[in-house]
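Below is one structure, written out as structure tokens; comments come after it.
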Amino acid sequence: LVKWAQCGIEYIGRIDQQVKVRGYRIELSEIEVRLAQLADVHDAAVTAVEDKAGNTALCAYVAPQQADTEALKAALKDMLPDYMVPAFWVEMDELPVTANGKIDKKALPEPDIEAGSAAYKAPETEMETLLSDIWQEVLGLDQIGVSDNFFSLGGDSIKGIQMASRLNQHGYKLEMKDLFQHPTIEELVSYVERTEGKQADQGPVEGEAELTPIQRWFFEKNFTDKHHWNQSVMLHAKDGFDPDLVEKTLQALIEHHDALRMVYREERE
């Protein structure tokens, strides 16, 4: 929905109920329909709110007030992917309605974000402790429990990659899709796998090798001055360089990287 303004077209917002949470486009009405199917729910509404990390999160409003939200949350997880299960819940005696009897979402109270956060649940196993430590390091937090949501704490795809990289340094691997689908430590721990730890033989490479496609393309161009493509770098140090140390360093690099020892020989038929 847009409107004309003095500066041009001004975007107001969507007129449907689609929102984007953790990179997923979600229809709020789909969650509301699922909630309405549960026996303990008389009325339900779902909105998008901002969590304490500034990210978009889902909030469910349910009536009656005596509804067991933990049971409702567990039931939703059986019907919907994790990213569609609301992070915050508000129980009400009845939901406000408009003059024509529809739920008035504008009249719904703001959720208590702090109260809606999961109560701290300490890690117990070695893997839970490792994940908690890594999350604290990546997210810059002092305490993270196993029931805390990675994305509600300020995590995103970039921080997820950083977390997976640190796990890899400890000998474990994790798929990003598993983090998005199971964003709490107690759920995620089952998807962390031990890496094999096998190392490929790094012995010296000798003999002839076929040109790679890009190398073949380069030599087929028959450039007038092939050396034009060489790269040179000039290094400067305030206190100068030790020539012997520089030579040893370069020699170590050449011995370590096979590509630096390659020689291209042109053969004409």
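As numbered in the UniProt record's numbering, residues 1 to 269 make up the sequence shown, in order.
All C-beta atoms, glycine included, are put in the ideal place defined by N, C-alpha and C.
Go ahead and pull the three-state DSSP assignment for residue i.
i, result
"Asp244", "helix"
"Ile161", "helix"
"Asp133", "helix"
"Phe180", "helix"
"Ile185", "helix"
"Tyr83", "helix"
"Ala122", "coil"
"Asn168", "helix"
"Arg261", "helix"
"Val138", "helix"
"Phe150", "coil"
"Glu255", "helix"
"Gln143", "coil"
"Phe223", "coil"
"Arg25", "strand"
"Lys3", "strand"
"Gln18", "strand"
"Lys173", "strand"
"Glu266", "coil"
"residue 271", "What the structure shows of the chain is the stretch from 1 to 269, and residue 271 is not part of that stretch, so it cannot be assessed."
"Glu193", "strand"
"Glu91", "strand"
With a Cβ-Cβ cutoff of 9 Å, do residue i and residue j count as a contact?
i, j, result
"Ile144", "Ser132", "yes"
"Glu186", "Ser147", "yes"
"Pro111", "Met92", "no"
"Val21", "Cys59", "no"
"Leu130", "Lys159", "no"
"Leu76", "Arg34", "yes"
"Arg261", "Ile254", "yes"
"Asp43", "Phe88", "no"
"Lys105", "Ala45", "yes"
"Leu108", "Pro123", "no"
"Phe219", "Trp229", "no"
"Phe241", "Leu250", "no"
Among the options, which one has its Cα closest to the Cα of residue i?
i, options, result
"Glu27", "Gly54, Glu10, His42 and Pro81", "Pro81"
"Thr47", "Leu235, Cys7 and Ile103", "Ile103"
"Lys121", "Ala67, Asp178, Met79 and Thr184", "Thr184"
"Val189", "Pro109, Trp217 and Ile134", "Ile134"
"Thr212", "Leu167, Ala259 and Ala44", "Ala259"
"Gly54", "Gly155, Leu235, Arg166 and Met262", "Gly155"
"Val66", "Val97, Val41 and Pro243", "For clarity, residue 66 is Gln in the given sequence; the question names Val instead. Ranking Val97, Val41 and Pro243 by Cα distance to Gln66 puts Val41 first."
"Phe180", "Ser165, Glu206, Val246 and Tyr83", "Tyr83"
"Pro86", "Ala99, Gln215 and Val49", "Val49"
"Asp78", "Pro109, Gly101 and Ile31", "Ile31"
"Glu137", "Glu175, Val192 and Met163", "Met163"
"Gln18", "Ala5, Ala57 and Asp142", "Ala57"
"Glu210", "Val263, Thr224 and Arg166", "Val263"
"Gly23", "Met176, Glu267 and Gly207", "Met176"
"Val192", "Ile9, Met127, Cys7 and Phe223", "Met127"
"Glu206", "Gln215, Asp142 and His257", "His257"
Nearer than 8 Å: is that true of the beta carbon of residue i relative to any heavy atom of the ligand NAD?
i, result
"Ala36", "This structure lacks the ligand NAD; in fact it carries no ligand of any kind."
request  = At 3 residues or longer, and completely inside the region 28-75: list those beta strand (DSSP E) runs for me, N to C.
outcome  = 43-50 and 56-63
query = Would the region 169-179 and the region 68-80 be scored as touching if the rule is three or more Cβ pairs under 8 Å?
reply = no
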